[in-house]
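Q:
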Amino acid sequence: MNAVLPEHVVLSETDYGAVLLDQRRNTYFQLNPTAVLVLRTVLDGGSEEDAVRRVTETFPVAEERAAGDVAALLERMRAAEVLQA
72 MNAVLPEHVV LSETDYGAVL LDQRRNTYFQ LNPTAVLVLR TVLDGGSEED AVRRVTETFP
132 VAEERAAGDV AALLERMRAA EVLQA
């Protein structure tokens, strides 16, 4: 997956995860540590499957559940235009 943040989106890491600020719409997405792991994986050139693997290696979650959650997260971010893939 060739994922990138659009020019109008800024990623800011926090003590509790990260925030994606959409400067065009003046809105933000708060990301928990799991969502940050998924985002970093795809921004670093990893696939959706790579993100699922990293989630299941890092957190106590079943692969099927992680796959659904990762897919839903990436779809929401693309729909909100804070992630381009």
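The numbering of the sequence shown is our numbering, which starts it at 72 and goes up by one.
By construction, the Cβ of each residue, glycine as well, lies at the ideal position given by its N, Cα and C atoms.
1. Just to check my reading of the structure: Arg125 and Leu108 have Cβ atoms closer than 8 Å, yes? What is that Cβ distance to the nearest angstrom?
2. State the Cα-Cα distance for the pair Arg95 and Phe130, rounded to the nearest angstrom.
3. Decide if Val80 is buried, meaning its Cβ has at least 16 other Cβ atoms within 10 Å, or exposed.
4. Tell me the DSSP secondary structure of Glu84 in three-state form.
5. So what's Arg93 in DSSP terms, helix, strand or just coil?
6. Taking the alpha-carbon positions, what's the Ala137 to Asp115 distance?
7. How about Val153 and Asp86: do their beta carbons lie closer than 7 Å?
8. Would you kindly work out how many angstroms separate the C-alpha atoms of Val113 and Thr98, rounded to a whole number?
A: So, from the data block:
1. About 6 Å separates the two Cβ atoms, so the contact holds.
2. Roughly 34 Å separates the two Cα atoms.
3. Around the beta carbon of Val80, a 10 Å sphere encloses 16 or more other beta carbons of the protein chains shown; the residue is thus reported as buried.
4. Strand at Glu84.
5. Note that residue 93 is Asp in the sequence shown, not Arg. Under the three-state reduction of DSSP, Asp93 is assigned to strand.
6. About 19 Å.
7. No; because the gap between Cβ atoms is not below 7 Å, this pair is not in contact.
8. Cα to Cα, the separation comes out at about 22 Å.
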